[in-house]
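J.: Take the sequence shown: its position 175, counted from the start at 1, is 397 in this note's numbering, and no numbers get skipped.
For every residue, glycine included, the Cβ atom is placed at its ideal position computed from N, Cα and C.
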Amino acid sequence: MSLLNHLRNKSFWLIDSLKGGKIKNHLDEIASVLNDVNSPESLKIREQHLENLLKHAVDSTPFYSDYKNINNIEAFPVIKKTVIQKNFKDFQSAPYIQKQNYKVSTSGSTGVPFFLFQDKNKRYRNTADVLHFSGQSNYKIGNRLYELEVWRKHNKKSFYKSWLQNIIQFDISKLTDSRILSFINLLKKSKQEKNILGFASSYEQICQYLDSNKTDLSNLNINAFIANSEYLNSYTKTSLSNYFNTPVLSRYSSEEIGIIAQQTISSKEHFVINHASYYIELLDLETDKPVKPGEFGRIVVTDLFNYCMPIIRYDTGDIAKLIELENGQTKFEKIEGRKMDLILDTKGNIMSSFIVYTKFYNYYKLIKQYQFIQQGEKEYEVKLNVLDKFPYEKELVESIKKDFGSDATVTITYVDEIPLLASGKRKKVLNNYKKA
Numbered sequence: 223m224s225l226l227n228h229l230r231n232k233s234f235w236l237i238d239s240l241k242g243g244k245i246k247n248h249l250d251e252i253a254s255v256l257n258d259v260n261s262p263e264s265l266k267i268r269e270q271h272l273e274n275l276l277k278h279a280v281d282s283t284p285f286y287s288d289y290k291n292i293n294n295i296e297a298f299p300v301i302k303k304t305v306i307q308k309n310f311k312d313f314q315s316a317p318y319i320q321k322q323n324y325k326v327s328t329s330g331s332t333g334v335p336f337f338l339f340q341d342k343n344k345r346y347r348n349t350a351d352v353l354h355f356s357g358q359s360n361y362k363i364g365n366r367l368y369e370l371e372v373w374r375k376h377n378k379k380s381f382y383k384s385w386l387q388n389i390i391q392f393d394i395s396k397l398t399d400s401r402i403l404s405f406i407n408l409l410k411k412s413k414q415e416k417n418i419l420g421f422a423s424s425y426e427q428i429c430q431y432l433d434s435n436k437t438d439l440s441n442l443n444i445n446a447f448i449a450n451s452e453y454l455n456s457y458t459k460t461s462l463s464n465y466f467n468t469p470v471l472s473r474y475s476s477e478e479i480g481i482i483a484q485q486t487i488s489s490k491e492h493f494v495i496n497h498a499s500y501y502i503e504l505l506d507l508e509t510d511k512p513v514k515p516g517e518f519g520r521i522v523v524t525d526l527f528n529y530c531m532p533i534i535r536y537d538t539g540d541i542a543k544l545i546e547l548e549n550g551q552t553k554f555e556k557i558e559g560r561k562m563d564l565i566l567d568t569k570g571n572i573m574s575s576f577i578v579y580t581k582f583y584n585y586y587k588l589i590k591q592y593q594f595i596q597q598g599e600k601e602y603e604v605k606l607n608v609l610d611k612f613p614y615e616k617e618l619v620e621s622i623k624k625d626f627g628s629d630a631t632v633t634i635t636y637v638d639e640i641p642l643l644a645s646g647k648r649k650k651v652l653n654n655y656k657k658a
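(1) By DSSP, does Val494 sit in helix, in strand, or in coil?
(2) Should Ala446 and Ile487 be called a contact, given that it needs their Cβ atoms to be closer than 9 angstroms?
(3) Measure from the alpha carbon of Glu169 to the alpha carbon of each residue in Lys378, Ile292, Gln593, then state which is nearest.
(4) On the three-state DSSP scale, how would you describe Arg345?
(5) If the criterion is Cβ atoms closer than 9 angstroms, does the pair Lys459 and Ser472 meet it?
(6) For Asn291, report the span of its alpha helix (DSSP H) as first-last.
(7) Where do the N-terminal and C-terminal ends of the beta strand (DSSP E) with Ser327 fall, by residue?
(8) Alpha carbon to alpha carbon, what distance is there between Glu263 and Ile589?
(9) Alpha carbon to alpha carbon, how far is Pro198 from Gln270?
(10) Give the range of the beta strand (DSSP E) segment to which Ala446 is assigned.
(11) For Lys556, write down the residues that DSSP places opposite it in a beta bridge.
(12) To the nearest angstrom, report how far apart Lys375 and Leu386 are at their CA atoms.
(13) Looking at the strands, I want to know which residues DSSP matches up with Phe582.
(14) Could you check where the alpha helix (DSSP H) with Gln430 kicks off and where it finishes?
(15) Any contact between the segment 290 to 304 and the segment 535 to 542? By contact I mean 3 or more CB pairs, one from each, below 8 angstroms.
(16) Determine the direct distance from the alpha carbon of His278 to that of Gly420, and round the result to whole angstroms.
(17) Closer than 8 angstroms by C-beta to Thr635: which residues in its own chain qualify, once you throw out the five before and the five after it? Chain order, please.
(18) Excluding sequence positions up to five away, which residues of its chain have a Cβ less than 6 angstroms from the Cβ of Lys302?
(19) Would Asn407 and Asn388 be called neighbours here (beta carbons separated by less than 9 angstroms)?
(20) With Ile237 as the anchor, note down where its alpha helix (DSSP H) starts and where it stops.
(21) Kindly list the residues whose CB is nearer than 6 angstroms to the CB of Ile252, restricted to its own chain and excluding five residues on each side of it in sequence; keep chain order.
(22) Leaving aside the five residues before and after Arg685 along the sequence, list all residues of the same chain whose C-beta is less than 7 angstroms from its C-beta, in chain order.
(23) Using alpha carbons as the reference points, say which of Gln358, Tyr431, Val578 lies closest to Ile495.
(24) On a CA-only basis, which of Asp312, Ala316, Leu249 is nearest Ser356? Give me that one, please.
(25) Going by beta carbon distance, what residues of the same chain come within less than 7 angstroms of Lys581, once the five residues before and after it are set aside?
(26) Quick test of the definition: if touching needs 3 or more C-beta pairs under 8 angstroms, does the segment 541 to 553 touch the segment 311 to 329?
(27) By Cβ distance, which residues of its chain are closer than 8 angstroms to Met573, with the 5 residues on each side in sequence left out?
(28) Please name the residue, chosen from Phe310, Asp288, Lys362, Asn549, that lies closest to His228 on a Cα-to-Cα basis.
(29) Excluding the five sequence neighbours on either side, which residues of its own chain have a C-beta within less than 7 angstroms of the C-beta of Ala658, listed in chain order?
(30) Taking only runs that begin and end inside the segment 604 to 645, name each unbroken alpha helix (DSSP H) of 4 or more residues, in chain order.
(31) Let me check one thing: in DSSP terms, what residues is Asp399 bridge-paired to?
(32) Helix, strand or coil for Gln270? Go by DSSP, reduced to three states.
(33) Just to check my reading of the structure: Asp506 and Ile521 have Cβ atoms closer than 8 angstroms, yes? What is that Cβ distance to the nearest angstrom?
(34) Could you name the residues that DSSP lists as bridge partners for Phe337?
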């Protein structure tokens, strides 16, 4: 770590110390709980946080007031985003309404705006969560961090704040070849230790560029790439790791909640669940019963630290699969994305999005973008934005039919652009049939 970055690190912790060590205390507790989530000490801390949160919610919010004297979280309703939107004021805690709170918002993968308020302690906890999981990718406060996202006025840091935090905000709204080359040149200019945080789709585009352009990527001093907001497919994870000779990890988080799970240097394939800050359930796709390890279920989250707007049993809309390790610890083996965009074969069986992504790996040098849409029970559409020509239509259709059903109808549509969502993401898998 350079002298300037060392000063950044010391300054951050000095300021936190002067404010009572709020972030440091949270960070220590997170590390203690996640070090052994099933130890008596960890279980006691987690149970106490859950008990405190439930009591606070029923005592101070209109929405949960009917659940007084109920200590079993399974007796509370599973709620969705629409429930919070329709009953927004009823979720607000009376003692916190006049306090300093912070608005957090997301356009969501559906493009529907959604926001919550968070209290100051929740903000401290979120910062500590970020520091903990970033630390699990060898990041240290003060080191250079590149953030690849769609940057606009509402989310872009000031020049002074970016410099102070040693963050480079790189805009990816138009990630052309020349733009990718500019990013690589930025990495080459800096000899500092660095970490990269960005949309998985931007990493995929970088890999596609590198597949076709021989580029010197030696001595870049990158600790790790972290992919957020989107599904990280195996092609991108493997290719990026090979090109840059560094770990590539996936983070599962949301603007309105925080970091729910992440792959780490010591858990590169499975997601470490953030049991320290959330009570997390994996429930059946149709009922509110827990699923067993090895089964897909809905990710349902209770935020243990947002006292301003207590959110209990919030259905994120995403699905995952648990794996139980030999030591009894459970992790997410896979996180597949939103339930509404699950793809079905012609017999109605759920198909992993991984199957869809593999259909296009052989054609990456020919296509700029692709999108797979289920339009009907047995109707599928593939949108392709190609570089020039695509002479493999028949092969692609047959490959899709092999997994989705010989009776599938597959249409290839050529487009000039697959537009971004309001969130800056570009969905590769859609299910219009299930929505209908």
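T.: This is what the structure holds:
(1) Taking the sequence shown and counting its residues from 1, one reaches residue 494 at position 272. Here Val494 sits in strand by DSSP.
(2) The residue given as residue 446 occupies position 224 in the sequence shown. The residue given as residue 487 occupies position 265 in the sequence shown. Yes, Cβ-Cβ distance for Ala446 and Ile487 is below 9 angstroms.
(3) The displayed coordinates of the chain run from 223 to 658. Any statement about residue 169 would go beyond what the structure contains.
(4) By 1-based counting over the sequence shown, the position of residue 345 is 123. Three-state result, Arg345: helix.
(5) Here the question's residue 459 lines up with position 237 in the sequence shown. Here the question's residue 472 lines up with position 250 in the sequence shown. Yes, the Cβ-Cβ distance between Lys459 and Ser472 is below 9 angstroms.
(6) As a first step, residue 291 is located in the sequence shown; it is residue number 69 there, counting from the start. Looking at the DSSP string, Asn291 is not in any alpha helix (DSSP H), and its letter there is neither H nor E.
(7) Numbered from 1 along the sequence shown, position 105 holds the residue referred to as residue 327. Residues 323 to 328.
(8) What you label residue 589 is simply residue 367 of the sequence shown in a count that begins at 1. What you label residue 263 is simply residue 41 of the sequence shown in a count that begins at 1. Rounded to whole angstroms, Ile589 to Glu263 spans 53 angstroms at the Cα level.
(9) Summary: the structure shown does not reach residue 198, with the chain confined to residues 223 through 658, and so no result is reported for it.
(10) Indexing the sequence shown from 1 puts residue 446 at position 224. Looking at the DSSP string, the run of the beta strand (DSSP E) that includes Ala446 is 444 to 450.
(11) As a first step, residue 556 must be located in the sequence shown, where it is residue number 334. According to DSSP, residue pairing for Lys556 in a beta bridge involves Lys543.
(12) Position 153 of the sequence shown, counted from the first residue, corresponds to residue 375. Position 164 of the sequence shown, counted from the first residue, corresponds to residue 386. Going by the C-alpha atoms only, they are around 19 angstroms apart.
(13) Taking the sequence shown and counting its residues from 1, the one referred to as residue 582 is at position 360. DSSP, once it has assigned bridges, lists no residue as partnering Phe582.
(14) Counting from one through the sequence shown, the residue named residue 430 turns up at place 208. Start and end: 422 to 434.
(15) yes
(16) The count along the sequence shown starts at 1 and reaches residue 420 at position 198. The count along the sequence shown starts at 1 and reaches residue 278 at position 56. Each residue's Cα considered, the two are about 36 angstroms apart.
(17) Residue 635 sits at position 413 when you count from the first residue of the sequence shown. Contacts found: Glu603, Val604, Lys605, Leu606.
(18) For the purposes of this step, residue 302 is identified with residue 80 of the sequence shown, where counting begins at 1. Asp537.
(19) As a working mapping, residue 407 is identified with position 185 in the sequence shown. As a working mapping, residue 388 is identified with position 166 in the sequence shown. No; because the gap between Cβ atoms is not below 9 angstroms, this pair is not in contact.
(20) Against the sequence shown, residue 237 aligns to sequence position 15. 225 to 240 is the extent of the alpha helix (DSSP H) around Ile237.
(21) Indexing the sequence shown from 1 puts residue 252 at position 30. Within the same chain, Ile252 has close Cβ partners Ala350, His354, Ala498.
(22) With the chain represented from 223 up to 658, any question about residue 685 goes unanswered, as that position is not in the structure.
(23) Walking along the sequence shown from the start, residue 495 turns up at place 273. Of Gln358, Tyr431, Val578, the residue nearest in Cα terms is Gln358.
(24) Here residue 356 is taken as the residue at index 134 of the sequence shown, counted from 1. Comparing Cα-Cα distances from Ser356 to each of Asp312, Ala316, Leu249, the minimum goes to Leu249.
(25) In the sequence shown, the residue the question calls residue 581 occupies position 359. For Lys581, where only same-chain residues beyond five positions count, the Cβ hits under 7 angstroms are Leu618, Ser621, Ile622.
(26) no
(27) Translated into the one-based positions of the sequence shown, residue 573 becomes position 351. Beyond the five residues adjoining it in sequence on each side, Met573 comes within less than 8 angstroms, by CB distance, of Leu564, Ile565, Leu566, Asp567, Asp625, Phe626 in the same chain, given in chain order.
(28) Counted from its first residue, the sequence shown places residue 228 at position 6. His228 has its Cα closest to that of Lys362, out of Phe310, Asp288, Lys362, Asn549.
(29) If you number the sequence shown from 1, residue 658 lands on position 436. Confidence at Ala658 is low in this model, with a pLDDT of 49, below 50, so its placement is unreliable and the value that follows should be read with caution. If we look at Ala658 and ignore the five residues flanking it on each side, it has no Cβ neighbours.
(30) 615 to 626
(31) Within the sequence shown, residue 399 is the residue found at index 177, counting from 1. Partner(s): none; Asp399 has no beta bridge.
(32) In the sequence shown, the residue the question calls residue 270 occupies position 48. Three-state result, Gln270: helix.
(33) Here residue 506 refers to the residue found at position 284 when the sequence shown is read from its first residue. Here residue 521 refers to the residue found at position 299 when the sequence shown is read from its first residue. Rounded, the Cβ-Cβ distance is 12 angstroms, inconsistent with contact.
(34) For this step, residue 337 is matched to residue 115 along the sequence shown. Per DSSP, Ser327.
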